[in-house]
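K.L.:
First the structure, then my questions, so here it is.
Number of protein chains: 2
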Amino acid sequence: MSVQSDPTITAVDAQSLGGGPVQPRAATVLTPLGFADVRLTDGFLSRLQQENATTSIVRGQQHLDRQQAWTNFANAASGTVGQPYHGPVFEDGEAFKWLEATAWEHGRSQDQQLAEWLERYIELVASAQAPDGYLSTFNQIAGKRDRYEWISYDHEIFNMATMIQAAVARYRTSGARELLDVARKAADHLDATFGFDKRREMCGHPLVEMALVELYRVTGERRYLDLASYFVEARGHGTLTDPTWQGWTSVYFSDRIPVRDTVYPEGHAVRAVYLAAGATDVAVETGDHELFAAMRRQWDNMVEAKMYVNGSLGSRWEGEAFGDPYELPSDRGYGETCAAIASIQWTWRLLLATGEAKYADLVERQLYNAVLSGVTLAGDRYFYVNTLQVREGAIPYDDRMGAAGRQEWFGCSCCPTNLMRTLASWHHYMATATDAGLQVHQYGSATVCGGGLQLSMASDYPWRGDIEFIVDDAPDGERELSLRVPGWAAGATLEVVGDPVPIVPGEYARVRRSWRTGDVVRLVLPMTPRTTRGHHRVDAVRGSVTIERGPLVYAIEHVDQGAGLRVDDVAIVSTDLAQEWRDDLFGGIPVITAAARNLPDGDVGRLVAIPYFMWANREIGPMKVWLPIDA
Amino acid sequence: MSVQSDPTITAVDAQSLGGGPVQPRAATVLTPLGFADVRLTDGFLSRLQQENATTSIVRGQQHLDRQQAWTNFANAASGTVGQPYHGPVFEDGEAFKWLEATAWEHGRSQDQQLAEWLERYIELVASAQAPDGYLSTFNQIAGKRDRYEWISYDHEIFNMATMIQAAVARYRTSGARELLDVARKAADHLDATFGFDKRREMCGHPLVEMALVELYRVTGERRYLDLASYFVEARGHGTLTDPTWQGWTSVYFSDRIPVRDTVYPEGHAVRAVYLAAGATDVAVETGDHELFAAMRRQWDNMVEAKMYVNGSLGSRWEGEAFGDPYELPSDRGYGETCAAIASIQWTWRLLLATGEAKYADLVERQLYNAVLSGVTLAGDRYFYVNTLQVREGAIPYDDRMGAAGRQEWFGCSCCPTNLMRTLASWHHYMATATDAGLQVHQYGSATVCGGGLQLSMASDYPWRGDIEFIVDDAPDGERELSLRVPGWAAGATLEVVGDPVPIVPGEYARVRRSWRTGDVVRLVLPMTPRTTRGHHRVDAVRGSVTIERGPLVYAIEHVDQGAGLRVDDVAIVSTDLAQEWRDDLFGGIPVITAAARNLPDGDVGRLVAIPYFMWANREIGPMKVWLPIDA
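Residue numbers (the UniProt record's numbering), protein chains in the order written: chain A, 1 to 631; chain B, 1 to 631.
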């Protein structure tokens, strides 16, 4: 089937072309902006986005090439079964996540090299697709098993889902339909194969739910939404089994309890949260209020009892899984980078649907403290696991471990490619529009256009908390500008064209007025360091505090400690914190210091804390986020 | 080769026949007693030993029969390759551990049913052995791989090692040599196959080191000691690889660092500690003082930084492994029952070699708190994992989990059979002899004969701390009676024939005198409940205490808490502990109570603690060993 042959497609283009990730068709409280409407112009995140483009994506292409990920597609295209297959069964998915990142980045930069890669690899992918739309090169090449014979393990549907997401990104950022054609053929194959009245199964690894809803959003093809809804409803009845004897259970697969009855996300964290994001998409597009309420409850419970202070998810290495409620030992923190990224995707969907500031607060917490920790500042090495503590004498027996330091690539390299697509599309998460006006959720230096307003935002965020907005263009009549005041920002102030405006942390400051070009708005978020205590049920943090400053969770790393303070033994003797700008660290950052001493009764000194996500960018050694108090 | 043909055997018999586990040939500070020299006559441990005989061993025979463990031997005897194999590759080893337990129990009770089983199964085992001595039914039946092709995974040498241990037990308790012949043939096969100048490899799962040294002790065949020494020295050079792609590393296999250079035991806890016990045997028999010093250092470091308060070992589920030093989160405690048993075996060897009370102290701590917790009081269900905490809402997704409760059997049932052989031979760990006299290490009601003295010991230990010894027979002249005063027994008193004798906790009370029949010795170990704090590096126990009483670690279980106290939220508000005898619990035990309240600011009540090892004998629910202090 060719895309052009679909009568709905042209109508859809007008609204979907130019969009970013997540463009709801159903009415939501907030409307996302197009990929051209927000642009990071300067500052910390802008530089990271640039590193992502020039280092991460470029090296990613080399790594995937070295791993022969694309060779698999060439071999599948040849149609010969029994050829050597390269990588894990989900290698296609990593190639497609990289392809999606490349599409977003190309949309942003129009870089020629990226354009060439996109054309070359999309052509290769199209040639590898089976005539009936099936596409998963492991099964096409190796021919070890029938299609979907090991549906819980072989990631076939997952692989097609990542391709669909890449196709949506490619289409929205360029209007090019080649990959979208492949995506529709794959989706039609899935639709012809799976359903309550067809093959009543689902993939061991959720993702297709989100992908199908987005494809529905682009094409207007209702069947894709219905199929996504099927995959959500079919799950949770204990039908997935473990063909590999690795001890996976229905808990691992998020298949123990139907999604709409689930109270806490459980099992493999990335799978559970991808599923939750997809279920939220389905609820939004189908207007299923019961399902939507269930997803909000799941999110509240996850944040309350199954999330580390830095926003990372997953406290069990076995099964890369969520633990029981409040089971959050720092030293065993798994916090897969992909899990935090999946949570941002889920949380962003809840924000669009509700407009509640707590969702934007979590997106910020997870980006800075659980996602950015997954990559070096240079953009060349990655953490798969984001632990909150590394001790003296830790043995790096596993390349995912904190003590092993960040790695250039992994046998399972989902996290690097997931980071790439997240950073390449990060600007989409910064602002939204409504009929009334513009909402700014995340801060930095950027130009923002939406809801009738065009603004320039200038800030050295997250290092400094003063953010200046200048109105570059505004229509006649009143427009509302909404600025998120983070929950942590006690004492925040807002000044609109010289007049102070009262604001409340944890809510949006809403300013409705007739704007003129040149109007200036100043939001000041106090960057006073603070200490945070944990829930009394979390044993590992009892009698301890974390240091936070603005959106950043801080950590102590051995290399910064003087006066013989040892990370494994140090305790804070006073919660009076001081901050100090250090030009010599990472090109200039604020460090936080506190009076401390070694337990049980060692020397006193001042410990030095740096932003958690920056740890392990120098040498690898002991690190700790939670600090005992001996005051 | 027939045992009778060995000229050394007869000479050896005299000294080895009648011995218990571990009968050193080299001179050690303490000499173990024969299996007939110590007999539990009454009391708690005696009843457990009886349950082990009448319930555990009997049901074990049924479980192994159901699992067709013996069918594997019958099929191997038929010599046909390609037949169905039943159970994991180490199923032979579980059958042999049960056979060893049966041998010790038969030696103790002379039970006819046990005698029949021993004869039947030993005949079957002999018929299954290959002509050259090889015996591992998985490889013999399935014929999937060459012998030792997957030496790190297939447990072939491990399986033969468990058979050798069973053969030694059978021989020492009966003089019967049928299985000893099989053991020697297997050992000769191993000796002909492995060595620095032969096949330079070793088993992925240590155990053969201990087994070969014991076979040397029985037979006097030096080659077996040399081969054990080879297996110890060959390890630690990173030669073991993972054929199954499960991510096992040289750390997992205790193959990263040579045994004599290892500072902390690491990797798979059971393997690491079996290896340590075998290396200690080798050091003792070869007089290798450097290796012996290294094993003592390893033990000190394990106890200091890698052991839970209850004596259980292993804080990582992934790889069933030791964590980094001080990485001991209660909620993720793995504490495999086999690991604590292995530690008792290792620690007993160090005790015999040194006579230091700290070793007997640990044997006691691990028996009561990390081994007995592995089986129900009825002897019919088992814990594989001994966690220190179960929360509300814990999902029992794995039958090893505390929240799943004890199980009748496991796919990997090493723990039940290991418990059986430990309880059936427990009396051997109670006392030793020297030329000077008799040493009593563990207390209860028993008759003890050694070092020239014959005693009756009467005590309701561990419930009550007063222990009475009556001399039943003594020679002319002076003999020394040594009684361990546990490190926890502050305020202990000793009265010898009416006269008080000063004693020091953590040391042996040594009384040298001319004894007369009827002399009475009274040792009183105060059973005052106490609170214990953890090391400041163990984050999960910060600001918390455990309750201990005598040798027992206590825990709180949800079923005992009144006044709405919740296990997950309760904190002690005063460390003034009270104890109360409760006839209604488990046939009568002392419980400990303390003023407590629910955090953050709930009602006040008195929490009720029971001995940790007795938890989950009623219903399964929240349980906790470490209690926060809110005083």
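Backbone N, C-alpha and C fix where the C-beta goes; we use that ideal spot for every residue, glycine too.
List, in order along the chain, the chain B residues whose C-beta lies closer than 8 Å to that of residue 544(A)?
P.N.:
Neighbours of residue 544(A) on chain B, chain order: 539 and 542.
K.L.:
So with CB distances below 7 Å, who are the chain A contacts of residue 393(B)?
P.N.:
Within chain A, the residues near residue 393(B) are 324 and 325.
K.L.:
Residue 366(A) and residue 343(A) - do their beta-carbons sit closer together than 8 Å?
P.N.:
Contact: yes.
K.L.:
From the beta carbon of residue 265(A), is the nearest beta carbon of chain B less than 8 Å away?
P.N.:
No, residue 265(A) lies away from the interface with chain B (no Cβ there is under 8 Å from its Cβ).
K.L.:
Between residue 371(A) and chain B, is any beta-carbon pair separated by less than 8 Å?
P.N.:
By this cut-off, residue 371(A) is not an interface position.
K.L.:
Can you list, in chain order, the residues of its chain with a C-beta nearer than 7 Å to that of residue 211(B)? Leave out the 5 residues immediately preceding and following it.
P.N.:
Once the five neighbours on either side are set aside, the close Cβ partners of residue 211(B) are 161, 164 and 165.
K.L.:
Please list the segments of the alpha helix (DSSP H) lying wholly inside the stretch 71-157 of chain B, counting only runs of 4 or more residues, in order along the chain.
P.N.:
You should have 91-109, 112-128 and 137-142.
K.L.:
To the nearest angstrom, how far is it from the Cα of residue 577(B) to the Cα of residue 543(A)?
P.N.:
C-alpha separation (whole angstroms): 23 Å.
K.L.:
Assuming residue 429(B) and residue 348(B) form a contact by the criterion Cβ under 8 Å, report the distance between their Cβ atoms to the nearest whole angstrom.
P.N.:
Confirmed, Cβ separation roughly 6 Å.
K.L.:
For a contact meaning CB atoms closer than 8 Å, what does residue 330(A) contact in chain B?
P.N.:
Going along chain B in sequence order, the residues near residue 330(A) (Cβ under 8 Å) are 539.
K.L.:
Is residue 491(A) near residue 550(A), with beta carbons less than 8 Å apart?
P.N.:
No. Outside cutoff.
K.L.:
Out of 539(B), 526(B), 292(B) and 546(B), which one is the CA nearest neighbour of residue 533(B)?
P.N.:
Taking only the C-alpha atoms, the option nearest residue 533(B) is 546(B).
K.L.:
Contact between the stretch 405-425 of chain A and the stretch 454-468 of chain A is defined here as three or more beta-carbon pairs at a separation below 8 Å; is this criterion met?
P.N.:
Taking 8 Å as the limit for Cβ pairs, the verdict is that the stretch 454-468 of chain A does not touch the stretch 405-425 of chain A.
K.L.:
Using a Cβ-Cβ cut-off of less than 7 Å, give me the residues of the stretch 589-604 of chain B that come near chain A, in sequence order.
P.N.:
Cβ contacts with chain A come from 599 and 600.
K.L.:
According to DSSP, is residue 1(A) part of a helix, a strand, or is it coil?
P.N.:
The pLDDT assigned to residue 1(A) is 28, lower than 50, so where the model puts this residue is not dependable; a value taken from the coordinates is nonetheless given after this. If DSSP states are grouped into helix, strand and coil, residue 1(A) belongs with coil.
K.L.:
Give, in chain order, every unbroken run of the alpha helix (DSSP H) that is at least 4 residues long and sits entirely within the stretch 191-263 of chain B.
P.N.:
As far as the stretch 191-263 of chain B is concerned, its whole alpha helix (DSSP H) runs of at least 4 residues are 208-219 and 222-234.
K.L.:
Taking just the CA atoms, how far does residue 218(B) sit from residue 169(B)?
P.N.:
Looking at the two C-alpha atoms, the distance is approximately 10 Å.
K.L.:
Suppose contacts are defined by Cβ-Cβ distances below 8 Å. Is residue 634(B) in contact with residue 445(B) by that definition?
P.N.:
The shown model of chain B, from 1 to 631, leaves out residue 634(B), and the question about it has no answer.
K.L.:
Could you tell me whether any Cβ in chain B is nearer than 8 Å to the Cβ of residue 241(A)?
P.N.:
Not one chain B Cβ lies under 8 Å of residue 241(A).
K.L.:
Kindly list, in the order they appear in chain B, the residues whose Cβ is closer than 8 Å to that of residue 251(A).
P.N.:
What residue 251(A) touches in chain B: 395 and 397.
K.L.:
From the DSSP output, read off the bridge partner residues of residue 531(B).
P.N.:
Paired residue(s): 547(B).
K.L.:
What runs of the beta strand (DSSP E), each 3 residues or longer, lie entirely inside the stretch 37-61 of chain A?
P.N.:
Whole beta strand (DSSP E) segments, 3+ residues: 38-42.
K.L.:
With a cut-off of 8 Å, does the C-beta of residue 569(B) fall near any C-beta of chain A?
P.N.:
Yes, residue 569(B) lies at the interface with chain A (some Cβ there is under 8 Å from its Cβ).
K.L.:
Select from the stretch 513-538 of chain B all residues with a C-beta closer than 8 Å to any C-beta belonging to chain A, and list them in chain order.
P.N.:
Flagged, chain order: 536 and 537.
K.L.:
Looking at the C-beta of residue 91(A), does it have a partner C-beta in chain B at a distance below 8 Å?
P.N.:
With 8 Å as the cut-off, residue 91(A) does not count as an interface residue toward chain B.
K.L.:
With the cut-off set at 8 Å, would you say residue 560(A) and residue 592(A) are in Cβ contact?
P.N.:
Contact flag unset, no.
K.L.:
Does the distance from the C-beta atom of residue 264(B) to that of residue 537(B) stay below 8 Å?
P.N.:
For residue 264(B) and residue 537(B), no; Cβs fall outside 8 Å.
K.L.:
For the alpha helix (DSSP H) holding residue 348(A), just list the boundary residues, first then last.
P.N.:
From DSSP, the alpha helix (DSSP H) with residue 348(A) extends over 337-354.
K.L.:
Here's the rule I'm using: 16 or more other beta-carbon atoms within 10 Å means buried, otherwise exposed. How should residue 332(A) be labelled?
P.N.:
That one is buried.
K.L.:
Does the beta-carbon distance from residue 486(B) to residue 523(B) come in below 8 Å?
P.N.:
Contact: no.
K.L.:
Given a limit of 7 Å on CB to CB distance, which residues of the stretch 111-126 of chain A reach chain B?
P.N.:
Listed in sequence order: no entries.
K.L.:
Could you spell out where the alpha helix (DSSP H) holding residue 412(B) opens and where it closes?
P.N.:
Per DSSP, residue 412(B) belongs to no alpha helix (DSSP H) and is neither H nor E.
K.L.:
Enumerate in chain order the residues of its own chain whose CB-to-CB distance from residue 11(B) is below 6 Å, with the five nearest sequence positions on each side excluded.
P.N.:
Reliability fails at residue 11(B), whose pLDDT of 46 lies under 50, so the model's placement of it is uncertain and the value that follows must be treated cautiously. The answer is none, since no qualifying residue turns up.
K.L.:
Beta carbons nearer than 7 Å to chain B: which residues of the stretch 402-423 of chain A have them?
P.N.:
Under the 7 Å Cβ criterion, the stretch 402-423 of chain A contributes no residue.
K.L.:
Have a look at 148(A), 297(A), 313(A) and 565(A) and flag the residue whose alpha-carbon is nearest the alpha-carbon of residue 599(A).
P.N.:
Closest by alpha carbon: 565(A).
K.L.:
Does any residue of chain B bring its CB to less than 8 Å from the CB of residue 623(A)?
P.N.:
No, its Cβ sits nowhere closer than 8 Å to a Cβ of chain B.
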